[in-house]
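A.B. asks: Position one of the sequence shown corresponds to residue 51 (the numbering used here), numbered consecutively onward.
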Amino acid sequence: MEKELECKVFTDDFNGLMDKAIEMGAKMIAHEIQENILIESNNFDLIDSSDYLRIRISKDIFNNENKKFLTYKKRVNDTNVRHYDEYTIEFDSEENLKQILKFVKLDKQSSSKKERKSFEFMDARLDFDCWDKDFYPYPYLEIEVKNEEHLNEIINKLGINKDQISTESISELRSKLQES
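1. Which same chain residues, not among the five before or five after residue 189, have their C-beta less than 6 Å away from its C-beta?
2. Does DSSP put residue 78 in a helix, a strand or coil?
3. Which residues mark the beginning and the end of the beta strand (DSSP E) in which residue 161 is found?
4. At which residues does the beta strand (DSSP E) containing residue 183 begin and terminate?
5. Going by the CB atoms, is the gap between residue 67 and residue 89 shorter than 8 Å?
6. Less than 6 Å between C-beta atoms, sequence neighbours within five positions excluded: which residues of the same chain meet that for residue 178?
7. So, is residue 55 buried or exposed, given that buried needs 16 or more other C-beta atoms within 10 angstroms?
8. Among 226, 131, 196, which has the Cα closest to the Cα of residue 52?
9. For the stretch 63 to 150, list the beta strand (DSSP E) runs that are entirely contained and at least 3 residues long, ordered along the chain.
10. How long is the line joining the alpha carbons of residue 94 and residue 138, rounded to whole angstroms?
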């Protein structure tokens, strides 16, 4: 199990923020095209509403690698940062996994794609994410850190305002967008 502490940063100058991070020493570690498949059941609510199960198919252009992961994210809490306990396995047969999930009634699968440019910066991970416009139209930076103090160091270094930060999941952000 991996503990994940993260938040999203929204800015009017997405590319400018990425350029600033690079100028300050951020090193690219991946450039991926991801397909994320959310797994649920049509028959019952098995997964808590704040948690999720997903398949991720990742084509990493930067490292010339293709990987497939099944991940369960268990939300622990939210304060100034979103905290998940994350359980991930790598697998090789997407079709077999999807069929197994259907057999156990996890038969609702919704897919979305995004481009992600990932950097290592001050011992943190910076993921610059752009989803397909019809899924979520606003690009954002996701910052993964060790603790809240570490997050504060990074946002101060990059000149990010607290009002640009969100701890909402992509599902919560999409729901808000659809309500407006």
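Quick reminder that beta carbons are idealized off the backbone N, C-alpha and C, glycines included.
Nothing here was measured: the structure is a model prediction, and the numbers come from that model.
C.D. replies: So, from the listed chains and residues:
1. As a first step, residue 189 must be located in the sequence shown, where it is residue number 139. For residue 189, where only same-chain residues beyond five positions count, the Cβ hits under 6 Å are 64, 180.
2. By 1-based counting over the sequence shown, the position of residue 78 is 28. Correct three-state label for residue 78: strand.
3. As a working note, residue 161 is residue 111 in the sequence shown. Taken as a continuous stretch (DSSP letters only), the beta strand (DSSP E) holding residue 161 covers 158 to 171.
4. In the sequence shown, the residue the question calls residue 183 occupies position 133. Run containing residue 183: none; DSSP gives neither H nor E here.
5. Here residue 89 refers to the residue found at position 39 of the sequence shown. Here residue 67 refers to the residue found at position 17 of the sequence shown. Not in contact: residue 89 and residue 67 (Cβ atoms no closer than 8 Å).
6. Along the sequence shown, read from residue 1 onward, the residue named residue 178 stands at position 128. Hits under 6 Å: 68, 167, 191.
7. Taking the first residue of the sequence shown as position 1, residue 55 is located at position 5. Under this definition residue 55 is a buried residue.
8. Within the sequence shown, numbered from 1, the residue matching residue 52 stands at position 2. Answer by Cα proximity: 196.
9. 77 to 90, 102 to 110, 115 to 128, 132 to 140
10. Translated into positions along the sequence shown, residue 94 becomes position 44. Translated into positions along the sequence shown, residue 138 becomes position 88. Answer to the nearest angstrom: the Cα atoms are 23 Å apart.
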